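First to last, the protein sequences are chains A and B.
First residue of the first sequence? That's 1 in my numbering, and the numbers climb one at a time after it.
First residue of the second sequence? That's 1 in my numbering, and the numbers climb one at a time after it.
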Amino acid sequence: MTAVDTAPLVPSFDAPEGSGRKLAIICSKGNLDMAYPGLILANAAVGEGVETHLFFTFWGFDIITKATMADLKFSFVGNTAMHPPGHSGLGVHHMLGALPGATTAATMLMKKQLADLDVPEVPEFLDLLVGSGAHLWACRMSADMNHLTADDLHEGVEGIISAGDFIELTEGAQLLFI
Amino acid sequence: MTTTTIAGHPVDVNDEGFLTDPQQWSEDLAPELARLAGLSLTEDHWRLIRFLREDHAARGETPTLRRVATATGTPVKELFALFPGKPAKKMAYVSGLPKPKGCV
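Written out as structure tokens, the structure reads:
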């Protein structure tokens, strides 16, 4: 059924800045398959005009560390996903996942799938987020534990801050812990 | 489906207001769509709109923000400056295309 409107129907483009919507994403894991969910959700949020903050802590620190960010791994070991990327029905016995080369092969497979979908590698993804206006924050304790400074981190990281600082600056935000 | 009138043209839109038939779009519609989205078109906007139209015609889907950035060599920051707030949606709307489906 077709209705005829005289006033044009316009999508709501009101940026949620006005509504004060904020999203805080805590990235605590540095596996390749645990890095992407946070980055993708952050990208989606910032593209919707949501003020988005990411806090990289513990193993999630690897996502923003220059020495590791391009080389994150997907492993079957200790992973809830017991099948190769893209092969949902194919089980891999957890002992096989621990064999030499299994992690390298699984990582290559996942990276290829991501590239096929035109999803950028982690360093470029961080550039994309920064360019989009997302805020990247490094965890002070993780920096101290790893003996790293701002020079060791992706240029887009705005600061090395304490957990308390992060909680303070994301007051009122919706929160995701990954 | 609803028919609405934009710049004197009757166009079919979905329940959000996006045009459902890219063929109903023409260049004289874009300035009014832009105005409704709170924008005023410059040549920089037009360059991107033309890319969206061509890319949609070639691939059958609306390019994501990242695809627009990489394919046109436009920094994402600039896309946010030209189409503030929700750039991917605004670009699609002004170009008479559906919202992009891709996540990245």
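Just so you know, even glycine gets a beta-carbon here, dropped at the ideal spot from N, CA and C.
Keep in mind the model is a prediction, meaning the values are calculated, not measured.
Test item: CB-CB of residue i and residue j under 8 Å
| i | j | result |
| --- | --- | --- |
| residue 74(A) | residue 114(A) | no |
| residue 7(B) | residue 39(B) | no |
| residue 77(A) | residue 97(A) | yes |
| residue 72(A) | residue 131(A) | no |
| residue 70(B) | residue 48(B) | no |
| residue 88(B) | residue 47(A) | yes |
Residue i at chain B interface by Cβ criterion, 8 Å
| i | result |
| --- | --- |
| residue 131(A) | yes |
| residue 48(A) | yes |
| residue 74(A) | no |
| residue 84(A) | no |
| residue 119(A) | yes |
| residue 11(A) | yes |
| residue 63(A) | no |
| residue 25(A) | no |
| residue 8(A) | yes |
| residue 40(A) | yes |
Integer-rounded CB distance, given that residue j should sit under 8 Å from residue i
| i | j | result |
| --- | --- | --- |
| residue 152(A) | residue 65(A) | 6 Å |
| residue 37(B) | residue 90(B) | 5 Å |
| residue 85(B) | residue 49(A) | 4 Å |
| residue 134(A) | residue 157(A) | At roughly 11 Å, the Cβ-Cβ gap does not stay under 8 Å, so residue 134(A) and residue 157(A) are not in contact. |
| residue 76(B) | residue 51(B) | The pair is not a contact, with the Cβ atoms about 14 Å apart (cut-off 8 Å). |
Cβ neighbours of residue i in the same chain (closer than 7 Å, five flanking residues each side left out)
| i | result |
| --- | --- |
| residue 58(A) | 28, 142 |
Contacts around residue i, its chain only, beta-carbon distance under 6 Å, and the 5 residues preceding and following it disregarded
| i | result |
| --- | --- |
| residue 38(A) | 25, 27, 178 |
| residue 12(B) | 1, 3, 20, 21 |
| residue 51(A) | 22 |
| residue 174(A) | 23 |
Close beta carbons around residue i, own chain, < 8 Å, minus the five adjacent residues each side
| i | result |
| --- | --- |
| residue 149(A) | 143, 160 |
| residue 56(B) | 22, 62, 63, 95, 97 |
| residue 194(A) | With chain A covering only 1 through 178, there is no way to say anything about residue 194(A). |
| residue 86(A) | 109, 113 |
Neighbour flag for residue i against chain A, beta carbons, 8 Å
| i | result |
| --- | --- |
| residue 80(B) | yes |
| residue 31(B) | no |
| residue 66(B) | yes |
| residue 94(B) | no |
| residue 19(B) | no |
| residue 38(B) | yes |
Chain E residues whose Cβ lies nearer than 9 Å to that of residue i
| i | result |
| --- | --- |
| residue 51(B) | Of the protein chains in the structure, A and B, none is chain E. |
| request: Kindly provide the ranges of any beta strand (DSSP E) runs that are 3 or more residues long and lie completely inside the region 24–93 of chain A, ordered along the chain. | output: 51–56
| task | Would you mind listing the alpha helix (DSSP H) stretches within the region 102–164 of chain A that are 4+ residues and don't spill past its ends, in chain order? | result | 102–116, 122–132, 140–146
| request: Let me know the alpha helix (DSSP H) ranges lying completely inside the region 17–57 of chain B, each 4 residues or longer, listed in chain order. | output: 30–36
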